[in-house]
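Q: What follows is a single structure, and I will ask about it in a moment.
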Amino acid sequence: MVITALTMEDILPFVTSKANKKKVDTDAILPFIILPLLLLLCTLSRTVTIIVMVTIAMGVLYVCTRPHQKNRSSFFYSWTLSSGIYLFLVFEFGVLRLLEITQVENFVLLVLVACTCYFFHKMKAVADFELATGSSKGKEYSPVLTSDSHYCQICQIEVNERFFHSIWWDCCVLRPNYPYFLAGQIFAFATLLFGTNLGLTTVCQPFIFIGTILMPEDCSDVYYQMDLAICFVSSVYGVGYVLIIALVLLKQIFVYIPKYCEPQWRRIVNVLNV
Ligand SMILES: [Zn+2]
1 MVITALTMED ILPFVTSKAN KKKVDTDAIL PFIILPLLLL LCTLSRTVTI IVMVTIAMGV
61 LYVCTRPHQK NRSSFFYSWT LSSGIYLFLV FEFGVLRLLE ITQVENFVLL VLVACTCYFF
121 HKMKAVADFE LATGSSKGKE YSPVLTSDSH YCQICQIEVN ERFFHSIWWD CCVLRPNYPY
181 FLAGQIFAFA TLLFGTNLGL TTVCQPFIFI GTILMPEDCS DVYYQMDLAI CFVSSVYGVG
241 YVLIIALVLL KQIFVYIPKY CEPQWRRIVN VLNV
């Protein structure tokens, strides 16, 4: 009798109520199932790893090039979360167990992870605050848009000073939260670069690159041992993320940082003209 009083919402955290109907948000759960299965599949051989990684890259390319309004799903944000959580778990329970990482290296990585989480959390919190308080015109769509307002097709809301919408963080990036987005990406880049280097130099034969910096050299025997293979394919997946974040950062340098600095420059130019 007591058990029947429990609803699905009490049991599963992802249950959302929509239009008075309780519906499990499968889009949010799927990445947590698909990603570990894909990583396990990768451990079979080098060829399978290459095929799976190329397929994931093609999938990301397809999602990024199709119309924005088709990307209204919690799947992408869950994919980011699941990637971060699985890579962290593999490092802490896989790579560390091989006893080649020093306490200092692990501490530095934990600090980088904490900084990344902090900045992305702030980015989402500031965006939610801006949209909720209406200081960025968080109102329903009206056909007449003023020159400084944009209609976000994914949030379905009209916002001021919008830079872009990040489907991977399920968040509108506006002027107030842009610095947090940028800092989060820089820390994510540093975290992944450091973590994947530690992972690859632990499971592969390393060589001394410069000073105390090691680089992986021979990774041919990682597929013979399951734990090494999991650490290796997760590190390769992390390297993929490093490349994507590098592209994102390049776009910031050429497009959005100049856009962010534009009002300040204009103010300086105006002062100089006077
Ligand atoms: Zn948006």
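Residue 1 is where the sequence shown starts when you use the numbering used here, and the numbers rise one by one after that.
Quick reminder that beta carbons are idealized off the backbone N, C-alpha and C, glycines included.
No experiment lies behind these values; they were computed from the predicted model shown.
Would F163 pass as a contact of Y77 if the rule is Cβ separation under 7 Å?
A: Judged by beta-carbon spacing, Y77 lies beyond the 7 Å limit of F163, meaning their Cβ atoms are not closer than that value.
Q: Determine the contact status of T201 and L192, defining contact as a CB-CB distance below 7 Å.
A: no
Q: Just to confirm the assignment, what range does the beta strand (DSSP E) spanning I159 have?
A: The question names Ile, but residue 159 in the sequence shown is Val. For V159, the enclosing beta strand (DSSP E) has its first and last residue at 157–160.
Q: Helix, strand or coil: how does DSSP classify D218 here?
A: strand
Q: Taking contact to mean at least 3 C-beta pairs separated by less than 8 Å, is the segment 160–177 in contact with the segment 116–129?
A: yes
Q: Find out if the Cβ-Cβ distance for the pair F88, F187 is shorter than 7 Å.
A: no
Q: Would you report the Cα separation of S45 and K259, rounded to the nearest angstrom?
A: The alpha-carbon atoms of S45 and K259 are separated by roughly 45 Å.
Q: What would DSSP say about P206, mapped onto helix, strand or coil?
A: strand
Q: Measure the C-alpha to C-alpha separation of C42 and M226 and round it to an integer number of angstroms.
A: 11 Å
Q: Is it the case that the segment 61–73 contacts the segment 96–114, given that we only count it when at least three CB pairs across the two stretches are under 8 Å?
A: no
Q: From N270 to C261, what distance separates their C-alpha atoms?
A: 14 Å
Q: Just the Cα atoms here: how many angstroms apart are Q264 and A183?
A: 19 Å
Q: So what does DSSP say about I101, is it helix, strand or coil?
A: Three-state DSSP puts I101 in coil, outside helix and strand.
Q: Taking 5 Å as the limit, name every residue whose beta carbon sits nearer than that to some heavy atom of ligand 1, in sequence order.
A: C152, I154, C155, H165, C172
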